[in-house]
Structures are given as structure tokens and as C-alpha cells.
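Chemist:
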Amino acid sequence: MQIEPIHHEPPYRVGVFIGSLASDSINRLLATALERLAPPELEFHEIVYRELPLYSRDYDADYPQVARDFKAAIQDSDALLFVTPEYNRSLPGPLKNAIDWASRPWGQNVLTGRPSAVIGASTGAIGTAVAQQSLRSILSFSNAPQMNSPEAYLQFTPGLIGPDGQVTVESTEEFLATFMRRFLEFTTRVLTVLPRPD
């Protein structure tokens with residue numbers, strides 16, 4: 000049986016998950032920089048999950064409105080960008096909780112088929128590498144196609160990114176711009192083969 004390609008033309012709407020809930024999060028700065036450096040074919044909106052309660056399957060029969068709104072925001076996204084710190088050698092608990100909500104009830108996983116990319120910043124030398132591996136494992140199980148290259152583990156130093164998303168180190172700026180160009184290419188490939196998930 001021959002599969003006919005489905006061409007989903009840009010712009011692509013990208014839902015952004017920021018792994019830290021902190022108001023002064025360095026990963027929020029990184030997300031701002033990524034949006035500024037991204038190709039114009041990508042449009043961004045933040046996926047907000049702060050108000051989600053802790054997930055329990057007791058909710059599966061009747062999802063609360065906050066969870067319905069959260070899942071609707073993901074469904075309104077063509078692709079997903081995860082920008083996260085590392086907590087205790089893994090991803091932050093609220094982000095894991097949000098993914099649990101997104102993937103449930105069984106058979107209603109809104110992450111399925113959505114191209115995704117993972118990046119993160121930390122003041123530590125390994126720059127969220129372990130957290131990203133944990134997150135990648137979760138996204139694999141959730142059937143969200145992942146951009147595997149380039150990987151991006153950013154060691155954040157004071158002043159590296161300004162409040163407006165301006166990157167002050169030229170080589171870092173070039174790398175992040177390349178990361179976003181590759182994300183556009185990856186998203187285009189995935190959405191050319193697969194219809195947009197709904």
C-alpha cells in the first residue's frame with residue numbers, strides 16, 4: 000500500500016513548555032531567546048500548567064476544566080518545545096505531572112504524533128543532560144517524535160541572555176539559531192508524513 004505524503008504548510012504553531020515555575024527562571028530567558036532566533040515559519044505560545052492539580056486516575060472519568068484547557072492548548076499546537084532545568088538529576092516534578100495529564104485518560108494522549116524538541120539551561124557544567132534523558136524517555140513512551148540532533152545542554156552564566164532574549168555570546172547565539180532552524184526542518188519532515196494530530 001502506498002502512503003501519500005500530506006503537506007502541512009507553515010507557519011507551524013509551537014507550544015512551549017517551560018520546565019521551571021520560577022518567575023526569574025533562566026529557562027524562561029532561554030525560551031525567549033529561542034523564540035527571537037527562530038525562523039519566521041515558527042509561531043510560539045506558552046503551554047501553561049501551573050494550576051494543574053497532581054494527576055490521579057480518579058480524574059479520568061471527569062477531567063477538571065483546567066486540565067481540559069491545558070490539553071486543548073496542546074491540541075492547538077503543531078509542535079512542542081520543552082525548555083527545562085534539571086532537578087535532582089531529573090526533570091522538575093510539575094513538568095512530569097503536566098505530561099501525565101496530557102497523556103491521560105488512556106487512549107486520549109494529546110502528545111501523540113506531535114514533533115518535539117528538548118533543550119535546557121543550568122548553572123552546572125552538565126547543563127541539564129540527565130534531565131533531558133529522563134524527559135526523552137517519557138516523550139518516547141508518549142509517542143511524540145523527537146528531534147535527536149543537535150542536542151543542546153546550555154551552561155548558563157550571568158549575563159549570557161538578557162531579559163529581552165538577546166544572547167551576548169556570538170557562538171552561543173549562532174548555536175541556538177541553528178537549533179531552531181533544525182527544529183523547523185524536523186517539524187516540516189514530520190508533518191509532511193503525518194497529518195496534524197487532533
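Under numbering that gives the first Met the number 0, the very last position in the sequence shown is 197; numbers go up by exactly one each time.
No residue lacks a Cβ here, since even glycine has one placed at the ideal position from N, Cα and C.
#1: For P149 versus T186, is the C-beta spacing smaller than 8 Å?
#2: Tell me the DSSP secondary structure of Q145 in three-state form.
#3: So for A101, helix, strand or coil by DSSP?
#4: Check the C-beta distance from S89 over to A130 and give it rounded, since I have them as a contact under 8 Å.
#5: Determine the DSSP secondary structure at F174, reduced to helix, strand or coil.
#6: Ignore the nearest five residues each way along the sequence and tell me which others in L183's own chain have a CB closer than 7 Å to its CB.
#7: From what residue to what residue does the alpha helix (DSSP H) around I137 run?
#8: If distances are taken between C-alpha atoms only, which option among L33, T171, Q165 and Y48 comes closest to D95?
#9: Check this for me: beta carbons of A124 and Q154, under 8 Å apart or not?
#10: For F24, I'd like the list of residues in its chain whose CB is within less than 7 Å of its CB, leaving aside the five on either flank, ordered along the chain.
#11: If we ignore side chains and look at the alpha-carbon of each, how far apart do R67 and L20 end up?
Modeler: The answer reads as follows:
#1: Against the sequence shown, residue 149 aligns to sequence position 150. Against the sequence shown, residue 186 aligns to sequence position 187. Not closer than 8 Å, so no.
#2: Locating residue 145 in the sequence shown gives position 146, counting from the first residue. Three-state DSSP puts Q145 in a strand.
#3: Start at 1 with the first residue of the sequence shown, and residue 101 comes out as number 102. Here A101 sits in helix by DSSP.
#4: As a working mapping, residue 89 is identified with position 90 in the sequence shown. As a working mapping, residue 130 is identified with position 131 in the sequence shown. Between A130 and S89 the Cβ distance is about 6 Å, and since that is below 8 Å, they are a contact.
#5: By one-based count along the sequence shown, residue 174 stands at place 175. Of the three classes helix, strand and coil, the one that applies to F174 here is helix, per DSSP.
#6: Here residue 183 corresponds to residue number 184 of the sequence shown, with the count starting at 1. Cβ within range, chain order: P38, E40 and L41.
#7: Here residue 137 refers to the residue found at position 138 when the sequence shown is read from its first residue. Note, I137: alpha helix (DSSP H), A128 to F140.
#8: Walking along the sequence shown from the start, residue 95 turns up at place 96. It is worth fixing the name first, because residue 95 is Lys in this sequence and not Asp. Nearest of L33, T171, Q165 and Y48 to K95, Cα basis: Y48.
#9: Residue numbering aside, residue 124 sits at position 125 when the sequence shown is read from its first letter. Residue numbering aside, residue 154 sits at position 155 when the sequence shown is read from its first letter. Closer than 8 Å, so yes.
#10: Translated into positions along the sequence shown, residue 24 becomes position 25. The displayed chain sequence assigns Ser, not Phe, to residue 24. So the list reads I17, once near-sequence residues are dropped.
#11: Within the sequence shown, residue 67 is the residue found at index 68, counting from 1. Within the sequence shown, residue 20 is the residue found at index 21, counting from 1. Those two C-alpha atoms are separated by around 20 Å.
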